[in-house]
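Below: the structure, in structure tokens.
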Ligand code: PLZ
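Okay, here's the thing in structure tokens:
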């Protein structure tokens, strides 16, 4: 089967996959079904999947499966392929680097692309102060290292995370993550000295930003004590928890309190980073300058790479040899990141995220106007969600959410759900998707909602 058509150029380049939704079999088709049957025999049951397909190609706004079905991608592999899958410059950079060398271990014999990525992170993250960075393999590993560094810097043990927060699946990051199922149940005991406080969820708590911050700060002062606290970690817009946008003034008040009390404020921008929210980093939207920022996902267009960037004095608190790992800042991943960051900066992707956001908001707001089961449409840029509720009580409606997502998936639209209550459909299209395809994906979802 030839998939690539050389005459086709996707909006941001990428393989010439026809930018259409085309369903030629029931999902999964026979070839995908065969592979998924082998998956269920060979792969641990805990590693589940939401889309019943086996992928052979992806680019622009589509994902193509082994049976020739062409699906609309509204998930970007969970906010990762923001520059588009197989972006030509990224693919070329990966191939060139792989032909030169694939690994030395940066702790053994360093190379330039790691330094390039660190410099780019120091330059692009908010805050006009001296910064340094360190690179790792995954978002969870970046979060673990941010906490390590904050503890070393402050000499204090405790860490505060928030209701609805998500920070990963390793032991410490499971402790930081709020939701039990599917992330934590049965996997404890969890790392100690992690405390959870309520954040800001305007739809459900009805508090202003300053009120929500005061509530959190009182709990922190009374139950933990600032003198014991190394770091506060929060996603500027909570991702897995439901695309929760905090009320105005909430984040700023928390940052101010941290600064006044010698506590390191860590923004986990693993999901919100790199143009996703219509700003290079979501912290900019809220006017905050975090002491430390964790990044991953979009940074390297799908290669495993993550970063911790922060104030130089904090980042240098860890002794030489105290940070690292065999693969952290792998040269192929760094080459991909250099090319992806170039695309973010020079291919108008911040603006493209804003345009995608305005299409998503317009369409979803008009759906909400005629369907009271949509309790709220929220988000920034190309990170937008709809929360489904029982119109009579406002109670979360996970069943409706699941039904709409399932129907959209069956019709070839890759859509993700999220939320503590499982009642949120989130939209995270690649920034390389065209308007037509995006609108078609939304048509499918609107029709599915109408029928559900
Ligand atoms: N911090 C804010 O969103 C990853 C989770 C997918 P890793 N989110 C997707 C899943 O179900 O495992 C995430 C995040 C935020 C940290 C992480 C963790 O990043 O690269 O998955 O470790």
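Numbering (our numbering), first residue to last: 79 to 530.
Glycine is no exception: its CB is placed at the ideal position from the N, C-alpha and C atoms.
Treat the numbers as computed from the prediction; the structure is a model and nothing was measured.
In this structure residue 98 is exposed. Its beta-carbon is surrounded by fewer than 16 other beta-carbon atoms within 10 angstroms.
As DSSP reads the structure, residue 474 sits in a beta bridge with 467. A residue is listed when its beta-carbon falls short of 6 Å from at least one non-hydrogen atom of the ligand PLZ; in chain order these are 156, 216, 217, 218, 221, 244, 245, 246, 247, 313, 317, 318, 346, 348, 349 and 374. In the structure shown, the three-state DSSP call for residue 262 is coil. Three or more beta-carbon pairs separated by less than 8 Å link the stretch 155-163 to the stretch 346-357, which places the two stretches in contact. Taken through DSSP and simplified to helix, strand or coil, residue 192 comes out as helix. For residue 416, no pairing in a beta bridge is given by DSSP.
Contact check for residue 490 against residue 147 passes: the beta carbons are separated by less than 8 Å.
Separation of the CB atoms of residue 409 and residue 211 is rounded to 16 Å, and the pair is thereby denied contact status at 8 Å.
Taken through DSSP and simplified to helix, strand or coil, residue 336 comes out as helix. Annotation: residue 100 is outside any beta strand (DSSP E) and is labelled neither H nor E by DSSP. The beta carbon of residue 145 is closer than 7 Å to those of 102, 103, 107, 108, 109 and 110 in its chain, skipping five residues each way along the sequence. Rounded to whole angstroms, the gap between the alpha carbons of residue 129 and residue 262 is 23 Å.
Residue 185 places its beta carbon less than 8 Å from that of residue 402. Its chain contains 224, 309, 311 and 370 as the residues whose beta carbon lies nearer than 6 Å to that of residue 344, once the 5 sequence neighbours on both sides are disregarded; these appear in chain order. Residue 529 sits exposed, since fewer than 16 C-beta atoms from the chains shown fall within 10 Å of its C-beta. For residue 443, the uninterrupted alpha helix (DSSP H) segment begins and ends at 427-448. With distances taken between CA atoms, residue 465 lies nearest to 455 out of 471, 459 and 455. Here residue 347 is buried. Its C-beta has 16 or more other C-beta atoms within 10 Å.
Sequence-distant Cβ neighbours of residue 326 in its own chain, meaning closer than 6 Å and more than five residues away, are 287.
Nearest to residue 307 by C-alpha distance, out of 329, 277, 314 and 273, is 273.
Here the C-alpha atom of residue 174 lies approximately 16 Å from the C-alpha atom of residue 182. The Cβ atoms of residue 154 and residue 507 sit closer than 8 Å to each other. Judged by their CB atoms, residue 218 and residue 251 are nearer to each other than the 8 Å cut-off. Between the alpha carbons of residue 452 and residue 467 lies a distance of about 6 Å. Note that the C-beta distance between residue 431 and residue 378 is not below 8 Å. Taking a cut-off of 8 Å for Cβ pairs, the stretch 386-395 and the stretch 358-365 do not touch, as fewer than three such pairs fall below it. Boundaries of the alpha helix (DSSP H) around residue 522: 513-529. Just so you know, the alpha carbons of residue 493 and residue 253 end up roughly 27 Å apart. The C-beta distance from residue 278 to residue 321 rounds to 13 Å, too long to meet the 8 Å contact threshold. Distance from the CA atom of residue 523 to the CA atom of residue 484, rounded to whole angstroms, is 10 Å. Here DSSP, grouped into helix, strand and coil, assigns residue 394 to coil. DSSP, reduced to helix, strand and coil, places residue 370 within a strand of the structure shown. Take residue 480, set aside five residues on each side of it, and the residues of its chain with a beta-carbon closer than 8 Å to its own are 495 and 500, in chain order.
For residue 307, no alpha helix (DSSP H) segment is defined; the enclosing uninterrupted segment is the beta strand (DSSP E) at 307-312. Around the Cβ of residue 267, a 10 Å sphere holds fewer than 16 other Cβ atoms; the residue is exposed.
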